[in-house]
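Following: one structure in structure tokens, then a few remarks.
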Amino acid sequence: MKKIDLIKTAAQKAGITQKQAQECIEAALDTIKEAVVVNNDRITLPSFGTFSSAERSARTGHNPATGEKIELPACKMVKFKSSKDAWF
């Protein structure tokens, strides 16, 4: 499912316009990113899963197009773990 499909489905289920659904979904994703990456919080959604942050250390990678080695800096990322009682 692509983002536009998620927006259309959410709009239909909530009985709102696609524009309103898009604003809600983008606001939720921005809130998750800010809370997890910037504030180092965990977000737990019962029966769905938990969003948390993780540190990825610096490492050497390669450019798949040229095979050239490149240095990748350390970074923070959002990690998701599904709930054991998730309904999917």
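Position 61 of the sequence shown, counting from 1, maps to 281 under my numbering, and the rest follow consecutively. Yeah, the Cβ is synthetic: ideal placement off N, Cα and C, and Gly gets one too.
| Query | Result |
| --- | --- |
| Residue range of the beta strand (DSSP E) that includes Glu291 | 289-292 |
| Gln240 versus Thr229: straight-line alpha-carbon distance, rounded | 12 Å |
| Nonlocal neighbours in the same chain, by C-beta distance under 8 Å from Asp250, ignoring five residues either side | none |
| Nearest-angstrom beta carbon gap, Ile245 and Ala255 [assumed within contact, 8 Å] | About 16 Å separates the two Cβ atoms, so there is no contact after all. |
| Within 8 Å, strictly: CB atoms of Ile227 and Gln242 | yes |
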